[in-house]
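Take a look at the structure below.
Listed below in structure tokens is the structure:
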């Protein structure tokens, strides 16, 4: 299944709890779109959150994030991993 | 140990082999700086490479990447993971 890295900006000050809750909100709806959010990382200073997922398409990634209440600013297919 | 996500831009057209070789070049020198590059992901279309590492500092991440021949454009501390 294709993998994606999506990026959220403007998240300055995000806490560990908020990141955890956002990730749980994704996990709660992801199956309906055939997506799995593997991991998320936050830099509260620059306000960036990175999310790594497996999904049938970038649109499926976007739909899960939107349904969970946090539309991503960028979604990148990442066909290569090392 | 702190974790970091660093980002390389301008890598349009990068191949799986090139990503693998770049990652191997990091692994070859990382120990001398106390860094470990865990994983790297490439989007050859937008030319972005993301690298996840554990390191004593952002400067240590930068030094390993520079010694391996690929200075990063951004280095973000990522204190929170979900």
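Chains as they are written, first to last, in UniProt numbering: chain E, 1 to 82; chain Y, 1 to 82.
We put the CB at the ideal spot given by N, CA and C, even for glycine.
Given the structure is predicted, the values throughout are model-derived calculations rather than measurements.
- Residue E:42 holds the alpha-carbon nearest to the alpha-carbon of residue 3 (chain Y) among E:27, E:42 and E:36.
- Distance from the CA of residue 12 (chain Y) to the CA of residue 36 (chain Y), rounded to the nearest whole angstrom, comes to 25 Å.
- For residue 65 (chain E), the enclosing alpha helix (DSSP H) begins and ends at 58 to 67.
- Y:17 is the residue among Y:60, Y:69 and Y:17 whose C-alpha sits nearest the C-alpha of residue 80 (chain E).
- In the DSSP annotation of this structure, the continuous segment of the alpha helix (DSSP H) that includes residue 29 (chain E) starts and ends at 16 to 29.
- For the 7 Å CB-CB criterion, residue 40 (chain E) and residue 23 (chain E) form a contact.
- At least 7 Å separates the beta-carbon of residue 60 (chain E) from that of residue 38 (chain E).
- For residue 35 (chain Y), there is no enclosing beta strand (DSSP E), as DSSP marks it with neither H nor E.
- For chain Y, the residues of the stretch 53 to 82 of chain E that bring a beta carbon within less than 9 Å of one of its beta carbons are 74, 76, 77, 78, 79, 80, 81 and 82, in chain order.
- DSSP places residue 74 (chain Y) within a strand segment (E or B) once states are collapsed to three.
- Here residue 45 (chain Y) carries a coil assignment [DSSP, helix/strand/coil].
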